[in-house]
Amino acid sequence: DARVTQTPRHKVTEMGQEVTMRCQPILGHNTVFWYRQTMMQGLELLAYFRNRAPLDDSGMPKDRFSAEMPDATLATLKIQPSEPRDSAVYFCASGRQADDEQFFGPGTRLTVL
Amino acid sequence: AQSVSQHNHHVILSEAASLELGCNYSYGGTVNLFWYVQYPGQHLQLLLKYFSGDPLVKGIKGFEAEFIKSKFSFNLRKPSVQWSDTAEYFCAVNPRGYSTLTFGKGTMLLVSP
């Protein structure tokens, strides 16, 4: 049963520290998405990739967030420096083709103190 | 840009009651429509999707949804809910051919035994 995996599942850090979240998409999927979920804003798209190329990162605060896909099996989301307002659950999702369903990972629950 | 509106933020039902969750979207073109469910502490899972064809779509766990193009609606239904249906339900839409999903704010369903 193929699944999207994310690490770490939980992260507690102090303000100003760098945070790196990792995602392994389902093998064969060529689109990868990063979402942030908060009580206030719900699910927000941060960035997405197709065939490892970033296509849209307009949802990300550019000064502190960065997203990359070093290879087809790994996507990363970095926050540097982190701030308390970044506390949220960050989900990665992958899909087979442009507008098909997305398969979500278990999420990384980030708490910035 | 498209938007998705879910009318109820919280719904409380007793077991065996019928369920209907409203979802309306705004977009002038052809869209794909999805309902995702998020059980407490878990990731989003696809309940059902509509791309084309029969506007009445059947999904997993006895859920169904009806696409009414004239009303820009895609309401989720279940004839008889169970305690295990307690979860948050998200409606989502993407324009045909595009990857980015726009999610509604979600509806939290609590089913009392």
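Residue numbers (the numbering used here), protein chains in the order written: chain G, 84 to 196; chain P, 161 to 273.
Quick reminder that beta carbons are idealized off the backbone N, C-alpha and C, glycines included.
All figures in this text were calculated on a predicted structure; none of them were measured in a lab.
CA nearest to the CA of residue 171 of chain G, picked from G:95, G:139 and G:88: For the residues G:95, G:139 and G:88, the minimum Cα distance to residue 171 of chain G belongs to G:95.
State the DSSP-derived secondary structure class of residue 154 of chain G, mapped to helix, strand or coil. Residue 154 of chain G sits in a strand when the DSSP states are folded into three classes.
Who are residue 162 of chain G's beta bridge partners in DSSP? Residue pairing for residue 162 of chain G: DSSP places it in a beta bridge opposite G:102 and G:148.
Run through chain G and tell me which residues come within less than 9 Å of residue 186 of chain P, C-beta to C-beta. Near residue 186 of chain P there are no residues of chain G at all, since even the closest Cβ is about 16 Å away, more than 9 Å.
Residue 164 of chain G versus residue 101 of chain G: straight-line alpha-carbon distance, rounded: If you take the alpha carbons of residue 164 of chain G and residue 101 of chain G, they lie about 5 Å apart.
Among G:167, G:146 and G:186, the one whose alpha carbon lies nearest that of residue 174 of chain G: Residue nearest to residue 174 of chain G within the set G:167, G:146 and G:186 is G:186 (criterion: CA-CA distance).
Step through the CB atoms of chain G and report whether any lies within less than 7 Å of the CB of residue 122 of chain P. No information on residue 122 of chain P is available, as it lies outside the stretch 161 to 273 that chain P covers here.
When burial is assigned at 16 or more other CB atoms within 10 Å of the CB, is residue 167 of chain P buried or exposed? Around the beta carbon of residue 167 of chain P, fewer than 16 other beta carbons sit within 10 angstroms, so the residue counts as exposed.
In chain order, what residues of the region 116 to 132 of chain G put their CB closer than 7 Å to some CB of chain P? For the region 116 to 132 of chain G, which is checked against every Cβ of chain P, the residues closer than 7 Å are 125, 126, 128 and 131.
Once the 5 residues before and after residue 199 of chain P are set aside, which same chain residues still bring their CB inside 6 Å of it? Excluding residues within five positions, the ones whose Cβ falls inside 6 Å are 247.
Own chain, CB closer than 7 Å to residue 133 of chain G, minus 5 neighbours either side, in chain order: For residue 133 of chain G, where only same-chain residues beyond five positions count, the Cβ hits under 7 Å are 113 and 114.
Three CB pairs or more closer than 8 Å across the region 156 to 163 of chain G and the region 170 to 182 of chain P: Result no; under three Cβ-Cβ pairs closer than 8 Å.
Hey, which unbroken runs of the beta strand (DSSP E) at 3 residues or more fall wholly within the region 181 to 206 of chain P? Runs found: 183 to 186 and 191 to 198.
Quick one: which residues of the region 243 to 267 of chain P get their C-beta closer than 9 Å to a C-beta of chain G? List them in chain order. Those residues of the region 243 to 267 of chain P that come within reach of chain G (Cβ to Cβ, closer than 9 Å) are 250, 252, 254, 255, 256, 257, 258, 259, 260, 261, 262, 263, 264, 265 and 266.
Can you tell me which of G:179, G:184 and G:177 puts its alpha carbon nearest to the alpha carbon of residue 254 of chain P? Of G:179, G:184 and G:177, the residue nearest in Cα terms is G:184.
Please state whether DSSP places residue 178 of chain G in a helix, a strand or coil. The three-state secondary structure of residue 178 of chain G, taken from DSSP, is strand.
Start and end of the beta strand (DSSP E) containing residue 235 of chain P? Element bounds for residue 235 of chain P: 233 to 238.
By DSSP's criteria, residue 187 of chain G is part of a beta bridge. Which residues make up the other side? Paired residue(s): G:176.
is_contact[residue 189 of chain G, chain P] using C-beta, thresh 7 Å: Interface residue, yes.
Is residue 114 of chain G close to chain P, meaning its C-beta is less than 7 Å from at least one C-beta of that chain? Chain P, which has a Cβ nearer than 7 Å to the Cβ of residue 114 of chain G, makes this yes.
Could you check where the beta strand (DSSP E) with residue 272 of chain P kicks off and where it finishes? Counting along the chain, the beta strand (DSSP E) containing residue 272 of chain P begins and ends at 267 to 272.
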